[in-house]
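Just so you know, we're using my numbering here: the sequence shown kicks off at 344 and counts up by one.
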Amino acid sequence: KGLPACSVVVTSSFNAIEHFPSPCLSSGNVINTNCSSAHSRQALSCKMAVEYDQFIESGRKWFCHVDDDNYVNVRMLVKLLSSYAHTQDIYIGKPSLDKPIQATERISENKMHPVHFWFATGGAGFCISRGLALKMTPWASGGHFMSTAEKIRLPDDCTIGYIIESVLGVKLIRSNLFHSHLENLHQVPKSEIHKQVTLSYGMFENKRNSIHMKGAFSVEEDPSRFRSIHCLLYPDTPWCPSNIAY
344 KGLPACSVVV
354 TSSFNAIEHF
364 PSPCLSSGNV
374 INTNCSSAHS
384 RQALSCKMAV
394 EYDQFIESGR
404 KWFCHVDDDN
414 YVNVRMLVKL
424 LSSYAHTQDI
434 YIGKPSLDKP
444 IQATERISEN
454 KMHPVHFWFA
464 TGGAGFCISR
474 GLALKMTPWA
484 SGGHFMSTAE
494 KIRLPDDCTI
504 GYIIESVLGV
514 KLIRSNLFHS
524 HLENLHQVPK
534 SEIHKQVTLS
544 YGMFENKRNS
554 IHMKGAFSVE
564 EDPSRFRSIH
574 CLLYPDTPWC
584 PSNIAY
């Protein structure tokens, strides 16, 4: 039955392309947002706004955002999403906080209103059904996303959560199958890697933070461990060494 067609919105430098060639990245589906490569609230909101608009225009069933320090196990992503109807209100991902975020909503020039809501961290990735994404259009489409982000003065992933939970009243579905660099990735056992939807890497408490595993490549060759993870999941990939002990 194959995997669904996809589009990739490149928001800044995307150095994983050369390591993980795929139909999504080689069939003219790569879109440059022309947003700033900065990590400011405005730049991040600009990128998310383009992603959202491209999704609405595409007519596809699911909008999934992941960062370029994520490995996406597409097989498990498709399995997860297939258990939900894209016509329903679905917002699925993983919070990075242990309580709802507190924010202040600007009502008018001199009137503010406190709000609190859960949001799925963009660093782990999240998915939104088309049915829900369409309901977001008054606050997210055609440049409205950036003005909404300014209204609460929070980054892109927080703004998504604000629109969905605080404005629309739809609750986040939490999934522990999504992972960001904000958690201790050493705690993901090798025996469970194949079940995860996203993985990440980076620094955690000033230490290298990545999946701990022996693999096809050394840590020096593959500091993110993504190539080794890919070869564990898809050993028949042409660039994966054969006869590797995991």
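Glycine is no exception: its CB is placed at the ideal position from the N, C-alpha and C atoms.
Query                                                                                                                                                  : Result
Do the CB positions of Ile503 and Phe462 come within less than 8 Å of each other?                                                                      : yes
Do Leu525 and Ser439 have their CB atoms nearer than 8 Å?                                                                                              : yes
Sort Asp396, Ser383, Arg384 by Cα distance to Asn375 and report the nearest one.                                                                       : Asp396
As a quick exercise: from Glu400, His382, Ile495, pick the residue whose alpha carbon is nearest that of Lys454.                                       : Ile495
Please name the residue or residues paired with Ile516 in a DSSP beta bridge.                                                                          : Ile435
Is the distance from the Cβ of Gly468 to the Cβ of Cys407 below 8 Å?                                                                                   : yes
Mark Asn358 as exposed unless 16 or more other C-beta atoms lie within 10 angstroms of its C-beta, in which case mark it buried.                       : With a pLDDT of 38 at Asn358, under the threshold of 50, the modelled position of this residue cannot be trusted; read the value that follows with caution. It counts as exposed.
Which residues does DSSP pair with Ala446 in a beta bridge?                                                                                            : Val458
With 16 other CB atoms within 10 Å as the buried threshold, where does Thr464 fall?                                                                    : buried
Considering only residues of the same chain and omitting the five flanking positions on each side of Ser379, which have a CB-CB separation below 6 Å?  : Ala386
Go through its chain and collect everything with a Cβ distance to Ile587's Cβ below 6 Å, but skip five positions before and after it.                  : Ala559
Alpha carbons only, please: which of Ser585, Trp582, Val540 is nearest the one belonging to Gly436?                                                    : Val540
Per DSSP, which residues does Cys407 bridge with? Please list them.                                                                                    : Cys470
Can you tell me where the beta strand (DSSP E) with Ser543 in it begins and where it stops?                                                            : 541 to 543
Please state the DSSP three-state secondary structure of Phe560.                                                                                       : coil
My output table needs one value for Tyr414: the three-state DSSP class, helix, strand or coil.                                                         : strand
Looking only at its own chain, which residues have a Cβ that is under 7 Å from the Cβ of Ile444, when we skip the five neighbours before and after it? : His459, Phe460, Phe462, Cys501
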